[in-house]
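*Asks:*
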């Protein structure tokens, strides 16, 4: 079932769908009591919700595949991550919540060090500070001047930056200028069919940058990689007929939501703030994506206790969602991040979908093992999540007579 | 897995497969006792059969998709409903069990009212009676005369009728003449590549109809839509190597079974009659599709009690099937029709497959929730049903050496 198939069946009504994403929620059991982070957390509200829901576990990409944040979210948003691939440059732009426009070309840049012969001696310019990076980016932004194109040079972190080319007739099919080794010169920009204009612009950018950075050793040169056009994807609100809002505090998730055409609304600093935002904007949207980052961050830190505590904090907010009288509530994650692994993992992700019409299964607890015997099954392809939510919101027409 | 793949593995033997379809069988729990129609019904025979079967729930089209009767049945017959789409004209023909031949073009017609300028004033001719419709259809059938083509004009109901064009070199790629609004003239017939002959015939049909109906106000004109050729699909008996019979009392299901190449045998009026038909024809076929309509009808009426009673009535007939010593018995539905929703729905459909070799699971009851943990899983794609039945009937060769 592709997006076109679903889109043809979509109808609109005034129902509300809430999708609460605890990043990296899936975990692994600890030795002491054989419980995962989610199983160990005291979460009476989520367990009660699970009792009245259909439960299961989903796979964002597929069996055995560990998703990055991009593919993980694309999957639960109904966009097949194998088909909808995000170029590295675009990903970098999303990561700093840069507002890409159609036709924009983005690339990831590194400040690097070259010797007097032009050969690279350090691909990361000694990992300069982010402050130094900001200073250089300002300098380049001010002094680079290339006719017919607007160039954005934006700090990412340490030696990493983003460039975005905005102008007519640009193409993203350029190869990397980063040779990924030292002792050699950066590669000359070249590209595929139709890229002549873009190649010329990038050449000028590199020449001018080299001159401007001449006296900024160790950051005296730039290398670029992952050129990519802003993806020309269908928009989430268009495909699914949902006026959609993203409540996410972190730039990557805001960037991704924006790329899919969702509106960004202010998340706030604390977890509870996100739910205040939900309440304040309740009337204005059909679909709310609420992103909780810290379950993943603590998972990456290997901090089992704190990951479980974040679950408890989120659990405390569940009644605030239910008080708004939503039609469909989804609680899940974009992938697993077991604190035992300190990284994203391939493990299926716990999932519940609540609605008045969901035909609840026998699962009474929101946990990895409890969800296995739920109505959604132990490895639901994540892309099926939104169609099921739409059906429960009565937003899909019958297929065929 | 496509039909060609299965077909290559099919071998024949003298086993018998019975597929009992309770239309719209899936339901939703009622408030009083949290039981669905199927769970509430007293059905000792189905529960016993479930105990010796593999159980699960299937999805006729896909997650979240509410199937019409056509796609729902195509799915359980092993024909992917996304690939095998039925045009509106064809569907109308199936609905009155009209025997379409290869090359036939069918379209749905409306009798409508036009004013003296030829503009439509009522798209449904005041919803004339079915009797009046029959009278007009006879009149048209008798008086329409177009060289080189045989035209059938058949009553459907009220203002609705079916036309079928039978002749050489006809095409179904015509646009609707029904403008779907009033105050304008019907649209002139036009069509895509190769449709010239068909367009000419349809023009003549409309001109002659207009003259014949001149004095039949309010039904003084016709509009046509959903032109479609009889689908040129593989036949169910050919693909699966099964001499197949349909026992169905309602025209739509007889029409669909006939379209797939099954033989139609007399169903009888009552539910028990269908099983008598089964007994009488037991020796003559390999596969029996038995269709029970009333579970769906009562679901559509919102009548929980009566839907459950139909299940009990069907349950009472199960021993008659088993006494025939079948090799494989399938019990399921073509979609869910919860009486709480009074309509078809997207909910997965309970399913059991019994055979001597099925390797029974731990499910002891034939119900929506009980089947979740069965061996067939909670959301089996419906197209996998027939291959599993064939395997259990030892009608599939090993794949590869």
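Chains as they are written, first to last, in this note's numbering: chain B, 18 to 418; chain G, 18 to 418. A virtual CB, placed ideally from N, CA and C, is assigned to each residue, including glycine.
Quick check on the burial criterion: 16 or more other C-beta atoms within 10 angstroms. Buried or exposed for residue 25 of chain B?
*Replies:* In the first chain, the residue the question calls residue 25 of chain B occupies position 8. Counting Cβ neighbours within 10 Å, residue 25 of chain B comes out exposed, since fewer than 16 surround it.
*Asks:* Using the three-state DSSP reduction, which class does residue 125 of chain G fall into: helix, strand or coil?
*Replies:* Start at 1 with the first residue of the second chain, and residue 125 of chain G comes out as number 108. Strand at residue 125 of chain G.
*Asks:* When you measure from the CB of residue 130 of chain B to every non-hydrogen atom of the ligand ATP, does any distance come out below 8 Å?
*Replies:* For the ligand ATP, the structure offers nothing, since it holds no ligand at all.
*Asks:* Say whether chain B places a C-beta atom closer than 9 Å to the C-beta of residue 99 of chain G.
*Replies:* For the purposes of this step, residue 99 of chain G is identified with residue 82 of the second chain, where counting begins at 1. Answer yes: the Cβ-Cβ gap between residue 99 of chain G and chain B drops below 9 Å somewhere.
*Asks:* Is it buried or exposed for residue 336 of chain B, if we count other Cβ within 10 angstroms and need 16 for buried?
*Replies:* Indexing the first chain from 1 puts residue 336 of chain B at position 319. It counts as exposed.
*Asks:* Could you work out which residue in G:237, G:171, G:319 is closest to residue 137 of chain G when comparing CA atoms only?
*Replies:* Counting from 1 along the second chain, the entry for residue 137 of chain G is found at position 120. Nearest option by C-alpha distance: G:237.
*Asks:* Over the uninterrupted alpha helix (DSSP H) stretch that includes residue 85 of chain B, give me the two end residues.
*Replies:* Indexing the first chain from 1 puts residue 85 of chain B at position 68. Careful: residue 85 of chain B lies outside any alpha helix (DSSP H) and carries neither H nor E.
*Asks:* Can you give me the C-alpha to C-alpha distance between residue 416 of chain B and residue 349 of chain G, rounded to a whole angstrom?
*Replies:* Translated into the one-based positions of the first chain, residue 416 of chain B becomes position 399. Translated into the one-based positions of the second chain, residue 349 of chain G becomes position 332. If I take the Cα positions, the gap works out to 19 Å.
*Asks:* With 9 Å as the C-beta to C-beta threshold (strictly closer), list the residues of the stretch 33-55 of chain G near chain B in chain order.
*Replies:* Listed by position along the chain: 43, 44, 45, 46, 51, 53.
*Asks:* Taking 8 Å as the threshold, find out whether the stretch 275-287 of chain G comes into contact with the stretch 317-324 of chain G through three or more Cβ pairs.
*Replies:* Segments in contact, no.
*Asks:* For residue 139 of chain G, report the span of its alpha helix (DSSP H) as first-last.
*Replies:* Here the question's residue 139 of chain G lines up with position 122 in the second chain. That residue, residue 139 of chain G, is in no alpha helix (DSSP H); its beta strand (DSSP E) goes 137-139.
*Asks:* What's the C-alpha gap between residue 88 of chain G and residue 363 of chain G?
*Replies:* As a first step, residue 88 of chain G is located in the second chain; it is residue number 71 there, counting from the start. As a first step, residue 363 of chain G is located in the second chain; it is residue number 346 there, counting from the start. Near 12 Å, if we compare the C-alpha coordinates of residue 363 of chain G and residue 88 of chain G.
*Asks:* On the three-pair Cβ rule with 8 Å, is the stretch 371-379 of chain G touching the stretch 71-83 of chain G?
*Replies:* As far as the Cβ criterion goes, the stretch 371-379 of chain G touches the stretch 71-83 of chain G, which means the pair count is three or higher.
*Asks:* Counting only the same chain and skipping the five closest in sequence on each side, list residues whose C-beta sits under 7 Å from that of residue 53 of chain G.
*Replies:* Sequence index remark: in the second chain, residue 53 of chain G carries index 36 (1-based). 44, 45, 46, 384, 385.
*Asks:* Taking buried to mean at least 16 other C-beta atoms within 10 Å of its own C-beta, is residue 61 of chain G buried or exposed?
*Replies:* As a position in the second chain, residue 61 of chain G is number 44, starting the count at 1. Exposed is the call here.
*Asks:* Between which two residues does the beta strand (DSSP E) holding residue 370 of chain G run?
*Replies:* Walking along the second chain from the start, residue 370 of chain G turns up at place 353. Looking at the DSSP string, the run of the beta strand (DSSP E) that includes residue 370 of chain G is 366-372.
*Asks:* How about residue 312 of chain B and residue 41 of chain B: are their beta carbons less than 9 Å apart?
*Replies:* By 1-based counting over the first chain, the position of residue 312 of chain B is 295. By 1-based counting over the first chain, the position of residue 41 of chain B is 24. Taking 9 Å as the Cβ cut-off, residue 312 of chain B and residue 41 of chain B qualify as a contacting pair.
*Asks:* Measuring CB atoms only, is the stretch 128-145 of chain B touching the stretch 210-221 of chain B, in the sense that at least three cross pairs come out at less than 8 Å?
*Replies:* No, because fewer than three Cβ pairs between the stretch 128-145 of chain B and the stretch 210-221 of chain B fall closer than 8 Å, the two stretches do not touch.
*Asks:* Looking at C-beta atoms only, is the number of pairs between the stretch 244-253 of chain G and the stretch 110-124 of chain G that lie closer than 8 Å three or more?
*Replies:* They touch, by the three-pair rule.
*Asks:* With a threshold of 9 Å between beta-carbons, can residue 358 of chain G be considered close to chain B, or not?
*Replies:* As a first step, residue 358 of chain G is located in the second chain; it is residue number 341 there, counting from the start. Yes, residue 358 of chain G counts as interfacial toward chain B.
*Asks:* State the DSSP-derived secondary structure class of residue 349 of chain B, mapped to helix, strand or coil.
*Replies:* As a position in the first chain, residue 349 of chain B is number 332, starting the count at 1. In this structure, residue 349 of chain B counts as strand in the three-state DSSP scheme.
*Asks:* Distance, Cα to Cα, residue 255 of chain B vs residue 211 of chain G?
*Replies:* In the first chain, counting from the first residue as 1, residue 255 of chain B sits at position 238. In the second chain, counting from the first residue as 1, residue 211 of chain G sits at position 194. Cα to Cα, residue 255 of chain B sits roughly 36 Å from residue 211 of chain G.
*Asks:* Tell me, please, which residues DSSP counts as bridged to residue 413 of chain G.
*Replies:* As a position in the second chain, residue 413 of chain G is number 396, starting the count at 1. Answer is G:27.
*Asks:* For chain G, is any of its Cβ atoms less than 9 Å away from the one on residue 337 of chain B?
*Replies:* Against the first chain, residue 337 of chain B aligns to sequence position 320. Output row for residue 337 of chain B: interface = no.
*Asks:* Taking a cut of 7 Å between CB atoms, which residues from the stretch 104-116 of chain G lie near chain B?
*Replies:* Within the stretch 104-116 of chain G, the qualifying residues are 108.
*Asks:* Does the pairing of the stretch 192-204 of chain B with the stretch 168-180 of chain B give three or more beta-carbon distances under 8 Å?
*Replies:* Flag = no, the stretch 192-204 of chain B and the stretch 168-180 of chain B do not touch.
*Asks:* Rounded to whole angstroms, what's the CA-CA distance from residue 367 of chain B to residue 181 of chain B? Just pull it up for me.
*Replies:* Your numbering for residue 367 of chain B matches position 350 in the first chain. Your numbering for residue 181 of chain B matches position 164 in the first chain. When rounded, the distance between both Cα atoms is 38 Å.
*Asks:* Alpha carbons only, please: which of B:83, B:292, B:333, B:205 is nearest the one belonging to residue 65 of chain B?
*Replies:* As a position in the first chain, residue 65 of chain B is number 48, starting the count at 1. Ranking the options by Cα distance to residue 65 of chain B, first place goes to B:333.
*Asks:* With distances taken Cα to Cα, identify the nearest neighbour of residue 314 of chain B among B:86, B:82, B:305.
*Replies:* The sequence position of residue 314 of chain B within the first chain is 297, counting from 1. Per the Cα distances, B:86.
*Asks:* DSSP has residue 39 of chain G in a bridge; who is on the other side?
*Replies:* Walking along the second chain from the start, residue 39 of chain G turns up at place 22. Residue 39 of chain G is bridged to G:309.
*Asks:* Compare the C-alpha of residue 323 of chain B against each of B:57, B:36, B:34, B:19 and name the closest.
*Replies:* Locating residue 323 of chain B in the first chain gives position 306, counting from the first residue. Answer by Cα proximity: B:57.
*Asks:* Would you kindly work out how many angstroms separate the C-alpha atoms of residue 293 of chain B and residue 338 of chain B, rounded to a whole number?
*Replies:* Within the first chain, the letter at position 276 stands for residue 293 of chain B. Within the first chain, the letter at position 321 stands for residue 338 of chain B. Distance between the alpha carbons of residue 293 of chain B and residue 338 of chain B is about 10 Å.
*Asks:* Is residue 275 of chain G helix, strand or coil by DSSP?
*Replies:* Counted from its first residue, the second chain places residue 275 of chain G at position 258. Of the three classes helix, strand and coil, the one that applies to residue 275 of chain G here is helix, per DSSP.
*Asks:* With a threshold of 6 Å on Cβ separation, who are the neighbours of residue 169 of chain B within its own chain once the five nearest residues in sequence on each side are excluded?
*Replies:* Here residue 169 of chain B is taken as the residue at index 152 of the first chain, counted from 1. Correct list, in chain order: 181.
*Asks:* Where residue 243 of chain B and residue 103 of chain B are concerned, what is the direct C-alpha to C-alpha distance, given to the nearest angstrom?
*Replies:* Numbered from its first residue, the first chain carries residue 243 of chain B at position 226. Numbered from its first residue, the first chain carries residue 103 of chain B at position 86. Using only the alpha carbons, I get a separation of about 10 Å.
*Asks:* Can you pull the chain B neighbours of residue 394 of chain G, defined as C-beta to C-beta under 8 Å?
*Replies:* Along the second chain, one-based indexing puts residue 394 of chain G at 377. Under the 8 Å cutoff, chain B gives 394.
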